[in-house]
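J.:
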Amino acid sequence: MRRLRSAASGWIVLLVLVVLWETATRIAGSLYFPPPSQIAETARQMWFSGPVSSLFLTDVVFEDLFASVARMLGGWAIAGVLGVALGVLLGRSATAMDYCGPIISFLRAIPPPTLVPVFLALFTLGTPMQLATIVFGTIWPILLNSVDGARSVDETKTETARAFRVSTVDWIFGVVLPAASPKIFAGLRISLSLSLVLMVISELVGSTEGIGYRLLYSQRQYDFPAMWASIVLLGVLGFLFNTGLSAIERRVLAWQPAHRQAALAAGTGA
Amino acid sequence: MSTMLEVTDLGHRYGDHTAIDRLSFTVAAGELVCIVGPSGCGKSTLLRTLSGLVASTTGHVALHGDEVRGVPDDLAVVFQDYSRSLFPWLTVQRNVEFPLKRKVSRAERRARAAEALEWVGLSGAGAKYPWQLSGGMQQRVAIARALAYRPALLLMDEPFASVDAQTRFELEDLLLRVRREHDTTILLVTHDIDESVYLGDRVLVLSKSPATIVANLKVDLPAERDQITTRESDTFVALRAETARLLHGGGTVRPRVQADPEGVAARFLAAERAEQAAQASKRHAAQN
Ligand SMILES: Nc1ncnc2c1ncn2[C@@H]1O[C@H](COP(=O)(O)OP(=O)(O)O)[C@@H](O)[C@H]1O
Ligand SMILES: [Mg+2]
Chain A
97 MRRLRSAASG WIVLLVLVVL WETATRIAGS LYFPPPSQIA ETARQMWFSG PVSSLFLTDV
157 VFEDLFASVA RMLGGWAIAG VLGVALGVLL GRSATAMDYC GPIISFLRAI PPPTLVPVFL
217 ALFTLGTPMQ LATIVFGTIW PILLNSVDGA RSVDETKTET ARAFRVSTVD WIFGVVLPAA
277 SPKIFAGLRI SLSLSLVLMV ISELVGSTEG IGYRLLYSQR QYDFPAMWAS IVLLGVLGFL
337 FNTGLSAIER RVLAWQPAHR QAALAAGTGA
Chain B
5 MSTMLEVTDL GHRYGDHTAI DRLSFTVAAG ELVCIVGPSG CGKSTLLRTL SGLVASTTGH
65 VALHGDEVRG VPDDLAVVFQ DYSRSLFPWL TVQRNVEFPL KRKVSRAERR ARAAEALEWV
125 GLSGAGAKYP WQLSGGMQQR VAIARALAYR PALLLMDEPF ASVDAQTRFE LEDLLLRVRR
185 EHDTTILLVT HDIDESVYLG DRVLVLSKSP ATIVANLKVD LPAERDQITT RESDTFVALR
245 AETARLLHGG GTVRPRVQAD PEGVAARFLA AERAEQAAQA SKRHAAQN
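Residue numbers (the numbering used here), protein chains in the order written: chain A, 97 to 366; chain B, 5 to 292.
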């Protein structure tokens, strides 16, 4: 009940802000700041005025939104698989991090957008370059959290598994990964937000489609309502992905008593 | 009775610190042997070397005649720290099944786990997670997991040191019942003199670090034991006193005149209990 009420009050505040924004922008009448109603109308025309056969979605949705989201989630997923696999390997090895730690610290200190030109030179314009940017930019939180998580398996569990001669597969998938999963999820969550940012950046630079490209294109056309619609869309996407991941996390980590309490305390659990 | 475990000249050193020094003893099939020794004397180290978790520096271990190298296939361990030895992401039933994955089919795993949980009186708790159970119940899960594995030898490292006195009595009786019904061979390590005498068919008394065996006491109590009448019996009291004296004296024979053995035993016990209480409260504090 309390959860419901606190979630509702959050939405009410948002609604009030939108109304205020609407009033303020109407009064100001600035070209650069169209009122939310106009942004919404533009968004409707751009994305939701398609034929019934495609659920009212326009071609732009398929070209921009789906392409962008596919790249973002694809890059994030690749980073997830690589990051967890490498992280568990490094974390379970006694010495590997001594060798690799400094390199990782250095690599993750490089701001990923600065590598866009490098990837542009290496790959062709488009998806491979964008995927490379997203993977490179999002892998570090996952990798480092996986290392931490893999190391968090305590001595008693290690000895229990060894005493029962648990197979390597069961050891990794049945003990190490579950023990590391809270940390891994923390890394995945940071990376998910990063992947959205990097998706936009990579599209601003070298792309002919996608939300980022559409954003830049609208701005160059002085189509400010369309530009704002893209910005709002990015916000909505970020919110949806985060909520989705939180829901998955809550399910996967349901065994964790602490997680349950934290989820309850945080209200929505986001 | 055939020999289940034969230990010869077993020693282990951490660097230049000798933890256990040339221990030799045997455990017969079906026997429950308690090893009692002061904290830090090397009891856990002994169990680790026996189970192949660490390599011994000297000596041999043979399990049903086979020389032990690495971890043997049919050996189970119950650790003191049940909250860590159970896997919190698995339900109770899955925890018990987990070590069987390598050995038997899924259906058989289920059946064995359900059966073992019934033995320890936890039939209804299979779907729960460990943290939803009390400490004593969690340790029963760990015991069920070991039993479901059907080990030739069950090693227990201070299995009841982290539960309250009442639960400890219950678990002790549960262990006695289970081993009687299922003919399990058990080697149990403890620092609690009463417990070693109450549970054991035999008690091996270890000296202070480095651990050596100072006595091998046969426990002449009836197989059926009872928390009240057994502990009151003269045999129990005498054995407990003797064990305490051996532990306290570290093996040197004390002049009888000086003894008041009961008094020594009582003081020793009081000290042990106080230490346990301190440890328990530390653990409690650490958990919160
Ligand atoms: N991994 C280790 N490295 C070095 N010394 C250890 C290690 N484990 C235990 N010891 C030492 O060996 C001695 C015996 O320890 P342990 O076997 O745990 O005793 P107990 O179980 O009887 O309390 C102690 O002095 C302890 O400090
Ligand atoms: Mg110990």
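The beta carbon of each residue, even a glycine, is placed where N, CA and C say it ideally should be.
Cβ of Cys-45 (chain B) versus every heavy atom of ligand 1: is any distance shorter than 7 Å?
T.: Checking every heavy atom of ligand 1 against the Cβ of Cys-45 (chain B), one is found closer than 7 Å.
J.: So is Trp-351 (chain A) in contact with chain B if we call contact Cβ pairs under 8 Å?
T.: Chain B contact via Cβ: present.
J.: Val-271 (chain A) touches chain B at which residues, Cβ-Cβ below 8 Å?
T.: Near Val-271 (chain A) (Cβ distances below 8 Å), the residues of chain B are Phe-91.
J.: To the nearest angstrom, how far is the alpha carbon of Leu-311 (chain A) from that of Tyr-195 (chain A)?
T.: Cα-Cα distance, rounded: 43 Å.
J.: Could you check where the beta strand (DSSP E) with Phe-29 (chain B) kicks off and where it finishes?
T.: Here the beta strand (DSSP E) through Phe-29 (chain B) covers 21 to 32.
J.: Taking Asp-77 (chain B) as the query, report the chain A residues whose CB atoms sit under 7 Å from its CB, ordered along the chain.
T.: Those within 7 Å of Asp-77 (chain B) in chain A are Arg-261.
J.: Using the C-alpha atoms, what's the distance from Ala-146 (chain B) back to Leu-106 (chain B)?
T.: Note that residue 106 (chain B) is Arg in the sequence shown, not Leu. About 18 Å.
J.: Please report how far the alpha carbon of Gln-136 (chain B) lies from the alpha carbon of Gly-302 (chain A), in whole angstroms.
T.: Rounded to whole angstroms, Gln-136 (chain B) to Gly-302 (chain A) spans 54 Å at the Cα level.
J.: For Arg-206 (chain B), report the span of its beta strand (DSSP E) as first-last.
T.: Note, Arg-206 (chain B): beta strand (DSSP E), 206 to 210.
J.: Pull up the CB-CB distance for Ala-156 (chain B) and Leu-67 (chain B), whole angstroms please, since I reckon it's below 8 Å.
T.: Ala-156 (chain B) to Leu-67 (chain B), Cβ: 6 Å. Contact.
J.: Could you work out which residue in A:Ala-246, A:Trp-143, A:Trp-324 and A:Phe-158 is closest to Ile-280 (chain A) when comparing CA atoms only?
T.: When each option's Cα is compared against that of Ile-280 (chain A), the closest is A:Ala-246.
J.: Counting beta carbon pairs with one atom in the region 227 to 245 of chain A and one in the region 12 to 25 of chain B, are three or more of them shorter than 8 Å?
T.: The region 12 to 25 of chain B vs the region 227 to 245 of chain A: no contact.
J.: For a cutoff of 8 Å on Cβ pairs, would you count Glu-345 (chain A) as touching chain B?
T.: Taking Cβ atoms only, chain B never reaches closer than 8 Å to Glu-345 (chain A), which makes this a no.
J.: Ala-205 (chain A) and Val-81 (chain B) look like a contact to me (Cβ under 8 Å); what is the Cβ gap, rounded to whole Å?
T.: Rounded, the Cβ-Cβ distance is 45 Å, inconsistent with contact.
J.: Ligand 1 and Tyr-18 (chain B): does any heavy atom of the ligand fall closer than 7 Å to the residue's C-beta?
T.: Checking every heavy atom of ligand 1 against the Cβ of Tyr-18 (chain B), one is found closer than 7 Å.
J.: Name the residue from A:Ile-200, A:Phe-158 and A:Asp-319 whose alpha carbon lies nearest to the alpha carbon of Phe-129 (chain A).
T.: With distances taken between Cα atoms, Phe-129 (chain A) lies closest to A:Asp-319.
J.: Sort B:Thr-49, B:Ile-39, B:His-16 and B:Tyr-18 by Cα distance to Ile-217 (chain B) and report the nearest one.
T.: Comparing Cα positions, the closest option is B:Ile-39.
J.: Nearest chain B C-beta to Ala-258 (chain A) closer than 8 Å, yes or no?
T.: This sequence places Arg at residue 258 (chain A); Ala is not what is there. Output row for Arg-258 (chain A): interface = yes.
J.: Could you pull the DSSP bridge partners for Ile-39 (chain B) from this structure?
T.: In the DSSP output, where bridge partners are listed per residue, Ile-39 (chain B) has B:Val-193 and B:Leu-208.
J.: Taking the CB atoms as reference points, tell me whether Ser-277 (chain A) and Val-177 (chain A) lie closer together than 8 Å.
T.: Not a contact, by the Cβ cut-off of 8 Å.
J.: Is any heavy atom in ligand 1 found nearer than 7 Å to the beta carbon of Thr-216 (chain B)?
T.: Every heavy atom of ligand 1 is 7 Å or more from the Cβ of Thr-216 (chain B), so no.
J.: Output needed for Leu-126 (chain B): all residues of its chain with C-beta closer than 6 Å, excluding positions within five of it in sequence on either side, in chain order.
T.: Answer for Leu-126 (chain B): Arg-144, listed in chain order.
J.: When every heavy atom of ligand 1 is checked, does at least one fall within less than 7 Å of the C-beta of His-64 (chain B)?
T.: No, since every heavy atom of ligand 1 falls outside the 7 Å radius drawn around the Cβ of His-64 (chain B).
J.: Examine chain A for any beta-carbon lying closer than 8 Å to the beta-carbon of Val-65 (chain B), and answer yes or no.
T.: So no, Val-65 (chain B) is outside the interface.
J.: In this structure, does DSSP put Asp-13 (chain B) in helix, strand or coil?
T.: In the structure shown, Asp-13 (chain B) sits in a strand (DSSP, three-state: E or B).
J.: Between B:Pro-214, B:Leu-208 and B:Arg-229, which has its C-alpha nearest Leu-221 (chain B)'s C-alpha?
T.: Nearest C-alpha to Leu-221 (chain B): B:Leu-208.
J.: Measuring only the C-alpha atoms, how far is Val-165 (chain A) from Thr-210 (chain A)?
T.: Computed Cα separation, rounded: 22 Å.
J.: Quick one: which chain A residues come within Cβ less than 9 Å of Ala-80 (chain B)?
T.: By Cβ distance, chain A contributes Ala-259 and Phe-260.
J.: What residues from chain A crowd round Ser-60 (chain B), counting only those whose CB sits closer than 8 Å?
T.: In chain order: nothing, as chain A lies at least about 16 Å away.
J.: Would you report the Cα separation of Val-115 (chain A) and Ala-343 (chain A), rounded to the nearest angstrom?
T.: The straight-line gap from Cα to Cα measures roughly 30 Å.
J.: Let me confirm a value: Arg-133 (chain B) is counted as buried when at least 16 other C-beta atoms fall within 10 Å, else exposed. Which label applies?
T.: The identity of residue 133 (chain B) in the sequence shown is Tyr, whereas the question assumes Arg. Buried is the call here.
J.: Which chain A residues are close to Leu-57 (chain B), counting only those with a beta carbon under 8 Å from its beta carbon?
T.: The answer, in chain order, is Glu-255, Arg-258 and Ala-259.
J.: Threshold first: 3 residues or longer. Then list the beta strand (DSSP E) segments lying entirely within the region 100 to 188 of chain B, N to C.
T.: DSSP runs (the beta strand (DSSP E)) wholly in the region 100 to 188 of chain B: 157 to 161.
J.: So which of B:Thr-171, B:Val-108 and B:Leu-51 has the shortest CA-CA distance to Ser-138 (chain B)?
T.: When each option's Cα is compared against that of Ser-138 (chain B), the closest is B:Thr-171.
J.: Within 10 Å of its beta-carbon, does Gln-317 (chain A) have 16 or more other beta-carbons around it, so buried, or fewer, so exposed?
T.: The residue in question, Gln-317 (chain A), is exposed, as its Cβ has fewer than 16 Cβ neighbours within 10 Å.
J.: Please list the terminal residues of the continuous beta strand (DSSP E) segment that includes Ala-227 (chain B).
T.: It is not in any beta strand (DSSP E) - Ala-227 (chain B) carries neither H nor E in the DSSP assignment.
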